[in-house]
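> The structure follows.
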Amino acid sequence: EKGNHRHFMQKEIYEQPVVVAQTLRSYLRRLENKVALPDMDFDLAGVKRVTIVACGTSFYAGMVAKYWFEQFARVPVDLDVASEFRYRQPVLEPGGLALFVSQSGETADTLAALRHARAEGQTIAVVVNVPTSSMAREADLLLPTHAGPEIGVASTKAFTCQLAVLAAFAANLARAKGRMDADEEKEIVAQLAEAPAAMNAALARDEAIEAIAPLIAPARDVLYLGRGPDYPMALEGALKLKEISYIHAEGYAAGEMKHGPIALIDDAVPVIVIAPSGPLFDKTVSNMQEVQARGGKVVLISDAEGIAAAGDKCLATIEMPCVHPLIAPLAYAVPVQLLAYHVAVAKGTDVDQPRNLAKSVTVE
Ligand code: M6R
Numbered sequence: 127e128k129g130n131h132r133h134f135m136q137k138e139i140y141e142q143p144v145v146v147a148q149t150l151r152s153y154l155r156r157l158e159n160k161v162a163l164p165d166m167d168f169d170l171a172g173v174k175r176v177t178i179v180a181c182g183t184s185f186y187a188g189m190v191a192k193y194w195f196e197q198f199a200r201v202p203v204d205l206d207v208a209s210e211f212r213y214r215q216p217v218l219e220p221g222g223l224a225l226f227v228s229q230s231g232e233t234a235d236t237l238a239a240l241r242h243a244r245a246e247g248q249t250i251a252v253v254v255n256v257p258t259s260s261m262a263r264e265a266d267l268l269l270p271t272h273a274g275p276e277i278g279v280a281s282t283k284a285f286t287c288q289l290a291v292l293a294a295f296a297a298n299l300a301r302a303k304g305r306m307d308a309d310e311e312k313e314i315v316a317q318l319a320e321a322p323a324a325m326n327a328a329l330a331r332d333e334a335i336e337a338i339a340p341l342i343a344p345a346r347d348v349l350y351l352g353r354g355p356d357y358p359m360a361l362e363g364a365l366k367l368k369e370i371s372y373i374h375a376e377g378y379a380a381g382e383m384k385h386g387p388i389a390l391i392d393d394a395v396p397v398i399v400i401a402p403s404g405p406l407f408d409k410t411v412s413n414m415q416e417v418q419a420r421g422g423k424v425v426l427i428s429d430a431e432g433i434a435a436a437g438d439k440c441l442a443t444i445e446m447p448c449v450h451p452l453i454a455p456l457a458y459a460v461p462v463q464l465l466a467y468h469v470a471v472a473k474g475t476d477v478d479q480p481r482n483l484a485k486s487v488t489v490e
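When the letters of the sequence shown are read in order and numbered with my numbering, they come out as residues 127 to 490.
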């Protein structure tokens, strides 16, 4: 039931600190400062390459994971949308690890990709929210998210729980590969444990975000920009907005703007910039200034330091807590979801049951 909330999507956005904490409980051993995975009958240390396959929002969680696995574990990652995976005849070395990410565990393309990878001799790991699903049953290693049932067609809490599991998996892989010592592991455990509080702080911005929605609702097109792990968050922000508000939205790597999309910029195209302060901040801000120089109206999502440095010429800013780069995608998912939600409400669309969409896509 929706409780005090107007829509399931809103309820599920608000549940995130609790369900992410619940999910992390099974992947972190707080007292020992360690990450932990369920028992598995293969050795993570032997993994030379990971192939990640998923659709939609789950694909974007997989894309964030690619950054993490490569950065922390130095393991190369291939990433595919499931509907492309089989048909490009991917080269899969025997004994490779293939990782599938799905809320439902039933998405037809992802399930077909899983069976293809199995036939090609891959070890199969799945991150799924429905523990009784086909993917859960067919996996060698089941990594459950504990988001509880997700009713809104737009995925929210399943996404952040996927990120939590994938971050824990990245840390396990890094340890197995000898890329992370006990102090680094302790730091990662401490940062992940902070994620629910950071998400709560982001939820506290709800009213400010609601106030921005009327500025976005009249737009025909919206662009989202981010760099590094915030690039998939830009893609996710654009997907959320288009699926529930029907506004055309695109996510871009901030540095790609000047290779084409900047031609679209005028004062009728809001540009949402996702830029936590950190090593990539200055570069993203310079892309943001290129947009502003062409009359583009920017909504900057950053922390106090980022907003102080770059927020003055923006149409609006959304101030986030200052977070470690590892948990930034978890925290920044919240304003991105809330913005899409409030724009859809302002437009009067059917938030929980958007047109033409089904919760679980069981045809290829
Ligand atoms: O159940 P799955 O995670 O496999 O579903 C994948 C996509 O269909 C899903 O994420 C879709 O993109 C959502 N409607 C996005 O909000």
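Backbone N, C-alpha and C fix where the C-beta goes; we use that ideal spot for every residue, glycine too.
#1: Count the other CB atoms, across all protein chains shown, that sit within 10 Å of the CB of residue 298; report buried if there are 16 or more and exposed otherwise.
#2: Within a Cβ cutoff of 6 Å, which residues of the same chain sit near residue 131, ignoring the five residues on either side of it in sequence?
#3: In the DSSP assignment, find the unbroken beta strand (DSSP E) run with residue 306 in it and report its ends.
#4: Bridge partners for residue 352 per DSSP, in chain order?
#5: Can you tell me which residues form a DSSP beta bridge with residue 249?
#6: Rounded to whole angstroms, what's the CA-CA distance from residue 282 to residue 139? Just pull it up for me.
#7: Round the Cβ separation of residue 305 and residue 198 to the nearest angstrom and send it over; I've been treating them as touching at under 8 Å.
#8: Is residue 280 near the ligand M6R - that is, is its Cβ less than 6 Å away from at least one heavy atom of it?
#9: Report the rounded CA-to-CA distance for residue 459 versus residue 342, giving the unit in angstroms.
#10: Less than 6 Å between the CB of residue 209 and some heavy atom of the ligand M6R, yes or no?
#11: Helix, strand or coil for residue 261 per DSSP?
#12: So, is residue 429 buried or exposed, given that buried needs 16 or more other C-beta atoms within 10 angstroms?
#13: Roughly how many angstroms lie between the CA atoms of residue 293 and residue 434, to the nearest whole one?
#14: Examine the ligand M6R and report whether any of its heavy atoms sits within less than 6 Å of the Cβ of residue 487.
#15: Between the C-alpha atoms of residue 205 and residue 216, what's the straight-line distance to the nearest angstrom?
#16: How would you call residue 168, buried or exposed, if buried means at least 16 neighbouring beta carbons within 10 angstroms?
#17: Tell me residue 270's beta-bridge partners as DSSP assigns them.
#18: Can you give me the C-alpha to C-alpha distance between residue 319 and residue 476, rounded to a whole angstrom?
#19: Under 6 Å: does the beta carbon of residue 152 sit that close to some heavy atom of the ligand M6R?
#20: Go to residue 183, then tell me how far its alpha helix (DSSP H) extends in each direction, as first and last residue.
#21: Under 6 Å Cβ to Cβ from residue 420, same chain only, skipping five residues before and after it: list those, please.
#22: Please report how far the alpha carbon of residue 302 lies from the alpha carbon of residue 311, in whole angstroms.
#23: Measure how close the beta-carbons of residue 378 and residue 360 come, nearest whole angstrom, since I'm counting them as under 8 Å.
#24: Leaving out the 5 sequence neighbours to the left and right, which residues in its chain are closer than 6 Å to residue 163 when beta-carbon positions are compared?
#25: Going by C-alpha distance, which of 380, 387, 397 and 424 is nearest residue 406?
In terms of the structure at hand:
#1: Residue environment analysis places residue 298 among the buried positions, since at least 16 neighbouring C-beta atoms fall within 10 angstroms of its C-beta.
#2: Cβ neighbours of residue 131 beyond the five flanking positions: 137.
#3: Boundaries cannot be given for residue 306, as no beta strand (DSSP E) includes it and DSSP labels it neither H nor E.
#4: Listed as beta-bridge partners of residue 352 by DSSP are 379.
#5: Answer by DSSP bridge pairing, in chain order: 223.
#6: Whole-angstrom Cα-Cα distance: 6 Å.
#7: Confirmed, Cβ separation roughly 6 Å.
#8: Yes, Cβ of residue 280 sits closer than 6 Å to a heavy atom of the ligand M6R.
#9: So the alpha carbons of these two residues sit roughly 18 Å apart.
#10: Using a cutoff of 6 Å, the CB of residue 209 does not count as near the ligand M6R, since none of the ligand's heavy atoms is closer than that.
#11: Looking at residue 261 - three-state DSSP - the assignment turns out to be helix.
#12: The residue is buried, with at least 16 neighbouring Cβ atoms inside 10 Å.
#13: Going by the C-alpha atoms only, they are around 30 Å apart.
#14: Yes, since a heavy atom of the ligand M6R falls inside the 6 Å radius drawn around the Cβ of residue 487.
#15: Whole-angstrom Cα-Cα distance: 11 Å.
#16: A residue is called buried once 16 or more other Cβ atoms fall within 10 Å of its Cβ, and residue 168, having fewer, is exposed.
#17: Residue 270 is bridged by DSSP to 254.
#18: Between the alpha carbons of residue 319 and residue 476 lies a gap of roughly 35 Å.
#19: It does not: the Cβ of residue 152 is nowhere closer than 6 Å to a heavy atom of the ligand M6R.
#20: Note, residue 183: alpha helix (DSSP H), 182 to 194.
#21: Cβ contact annotation for residue 420 (same chain, cutoff 6 Å, sequence separation greater than five): 391, in chain order.
#22: A direct Cα-Cα distance of roughly 12 Å separates residue 302 from residue 311.
#23: Sure, about 6 Å apart at Cβ, within 8 Å.
#24: The residues 298, in chain order, have a CB closer than 6 Å to that of residue 163 in the same chain once the five nearest residues on each side in sequence are set aside.
#25: Of 380, 387, 397 and 424, the residue nearest in Cα terms is 380.
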